[in-house]
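Engineer: I'd like to ask you about the structure that follows.
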Amino acid sequence: MSEPKKMALIASKGTLDWAYPPFILASTAAAMEMDVAVFFTFYGLTLLKKDIKAKVAPATNPAMPMKMPIGPKGFQDFEWPIPNLLMGNVPGFETVATSLMKKTFKNKGVATIEELRDICLETDVKLIGCQMTMDVFGFKKDDFIDGVDIGGAATFLEFAAESDIQLFI
Amino acid sequence: MNEIVHEKVLDCKGLSCPLPILKTKKQIDNMISGQVLKMEATDPGSVSDVNAWTKRTGNELVSRSENSDIYIFYIKKS
């Protein structure tokens, strides 16, 4: 067997929608027998916390389709024309939109972030937390799940330099 | 489509990307070389994904068929 392919990702965002791509790609790449490292920095670092609180952010995201996870298919597929200004400014709307989104994901058989993250750990994906961001936000290693490495830009770049795929998410 | 002799069956119906691939990988890892897995999925994306996955991992896609919106894959472990 030839040398395995390598993939290096940077996960820099902490909203629910942006939490999916790094974990989907990392778990799938591992399933394709690649060596994978994901560097979690800035808001992405929150995805390493024991309890992930990622929400969708309807404010400033006018492309986000609003879907209802209940009722007949036509009703579920309908895009609710809720003005972005309203979505962004009504208190609690984020929480409501997040639970609707999570329900829709579940209905469609999409894994949760936690499930995908567990699979990443089981399949030896290297999860690296950014030391500098930890210091800035006051995060401790104990705040994170077990199995997380801590490092800086050089740690990531050393792996990325040897990688076939490098993506910034 | 005739049933192909297989050792294991994996039900991925109702699951979306990337779960059918992740579960297939996990199942194949627990089998021995030459054994065949029958995997059933409803995700239309799995057609392309299983192709790509077998190509990359060297496992063999023995056959693929479709039966009323269910995709049936037979994968032989390399």
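So the sequence lines, in the order shown, correspond to chains U and X. In terms of our numbering, the first sequence opens at residue 1 and continues consecutively. In terms of our numbering, the second sequence opens at residue 1001 and continues consecutively. A virtual CB, placed ideally from N, CA and C, is assigned to each residue, including glycine.
(1) What residue range is occupied by the uninterrupted alpha helix (DSSP H) comprising Met32(U)?
(2) For Lys1025(X) and Ala31(U), what's the separation of their Cα atoms in angstroms?
(3) Could you name the residues of the region 25 to 50 of chain U whose beta carbon sits closer than 7 Å to any beta carbon of chain X, in the order they occur along the chain?
(4) Looking at Ser1063(X) and Ile1071(X), is the spacing between their C-beta atoms short of 8 Å?
(5) Just tell me which of Asp51(U), Ile52(U), Gly74(U), Thr28(U) has its CA closest to the CA of Thr1057(X).
(6) Roughly how far, in whole angstroms, is the beta-carbon of Thr133(U) from the beta-carbon of Phe42(U), given that I think they are within contact range, below 8 Å?
(7) Can you pull the chain U neighbours of Ser1016(X), defined as C-beta to C-beta under 7 Å?
(8) Skipping 5 residues on each side, what residues in its chain have a beta carbon closer than 8 Å to that of Ile1004(X)?
(9) Which residues in chain U sit within 8 Å of Leu1037(X), going by Cβ to Cβ distance?
(10) Scan the region 109 to 138 of chain U for residues whose Cβ lies nearer than 7 Å to a Cβ of chain B and list them as they occur along the chain.
(11) Does the beta-carbon distance from Ser1033(X) to Ser1078(X) come in below 8 Å?
(12) Within the continuous beta strand (DSSP E) that includes Lys1008(X), where are the two ends?
(13) Could you check whether Ser1016(X) and Lys108(U) sit closer than 8 Å to each other, using their CB atoms as the reference points?
(14) Out of Asp146(U), Ala111(U), Met66(U), point me to the one whose CA is closest to Thr57(U)'s CA.
(15) With a threshold of 8 Å between beta carbons, is Arg1056(X) in contact with chain U?
(16) Listing by chain order, which chain U residues have their CB less than 7 Å from the CB of Ile1021(X)?
(17) Does Lys1077(X) get closer than 8 Å to chain U when you measure Cβ to Cβ?
(18) Compare the C-beta of Lys1008(X) with all C-beta atoms of chain U and state if any pair is closer than 8 Å.
(19) Assuming contact is defined by CB atoms lying nearer than 8 Å, are Lys55(U) and Thr104(U) in contact in what I supplied?
(20) For Val1036(X), list the residues DSSP reports as bridge partners.
Structural biologist: Let's see:
(1) Numbered from 1 along the first sequence, position 32 holds the residue referred to as residue 32(U). First-last for Met32(U): undefined, no H or E at that position.
(2) Here the question's residue 1025(X) lines up with position 25 in the second sequence. Here the question's residue 31(U) lines up with position 31 in the first sequence. Cα to Cα, Lys1025(X) sits roughly 6 Å from Ala31(U).
(3) Interface annotation for the region 25 to 50 of chain U against chain X: Ser27, Thr28, Ala31, Met32, Glu33, criterion Cβ-Cβ distance under 7 Å.
(4) Mapped onto the second sequence, residue 1071(X) falls at position 71. Mapped onto the second sequence, residue 1063(X) falls at position 63. Correcting the residue identity first, residue 1071(X) is Tyr in this sequence and not Ile. No.
(5) For this step, residue 1057(X) is matched to residue 57 along the second sequence. Measuring from the Cα of Thr1057(X), the nearest candidate turns out to be Thr28(U).
(6) Residue 133(U) sits at position 133 when you count from the first residue of the first sequence. Residue 42(U) sits at position 42 when you count from the first residue of the first sequence. At roughly 5 Å, the Cβ-Cβ gap stays under 8 Å, so Thr133(U) and Phe42(U) are in contact.
(7) Sequence index remark: in the second sequence, residue 1016(X) carries index 16 (1-based). Lys108, Gly109, Val110, listed in chain order.
(8) Locating residue 1004(X) in the second sequence gives position 4, counting from the first residue. Cβ within range, chain order: Val1036, Lys1038, Val1062, Ser1063, Tyr1074.
(9) As a working mapping, residue 1037(X) is identified with position 37 in the second sequence. Chain U residues near Leu1037(X): none, gap ~14 Å exceeds 8 Å.
(10) As a matter of chain content, chain B is missing from the structure shown, whose protein chains are U and X.
(11) Position 33 of the second sequence holds residue 1033(X). Position 78 of the second sequence holds residue 1078(X). Yes; because the gap between Cβ atoms is below 8 Å, this pair is in contact.
(12) Numbered from 1 along the second sequence, position 8 holds the residue referred to as residue 1008(X). Where Lys1008(X) is concerned, the enclosing beta strand (DSSP E) stretches over 1008 to 1012.
(13) Here residue 108(U) is taken as the residue at index 108 of the first sequence, counted from 1. Here residue 1016(X) is taken as the residue at index 16 of the second sequence, counted from 1. Contact flag set, yes.
(14) The residue given as residue 57(U) occupies position 57 in the first sequence. Reading the sequence as shown, one finds Ala at residue 57(U) and not Thr. Per the Cα distances, Met66(U).
(15) Locating residue 1056(X) in the second sequence gives position 56, counting from the first residue. Arg1056(X) counts as touching chain U.
(16) Taking the second sequence and counting its residues from 1, one reaches residue 1021(X) at position 21. What Ile1021(X) touches in chain U: Thr28, Ala31.
(17) Here residue 1077(X) corresponds to residue number 77 of the second sequence, with the count starting at 1. Cβ-Cβ to chain U under 8 Å: no for Lys1077(X).
(18) Reading the second sequence from its first residue, position 8 is the one you call residue 1008(X). Closer than 8 Å: no.
(19) One-based indexing of the first sequence puts residue 55(U) at position 55. One-based indexing of the first sequence puts residue 104(U) at position 104. One thing to note: Lys55(U) has its Cβ no nearer than 8 Å to the Cβ of Thr104(U).
(20) Looking up residue 1036(X) in the second sequence gives position 36. Its beta-bridge partners are Lys1076(X).
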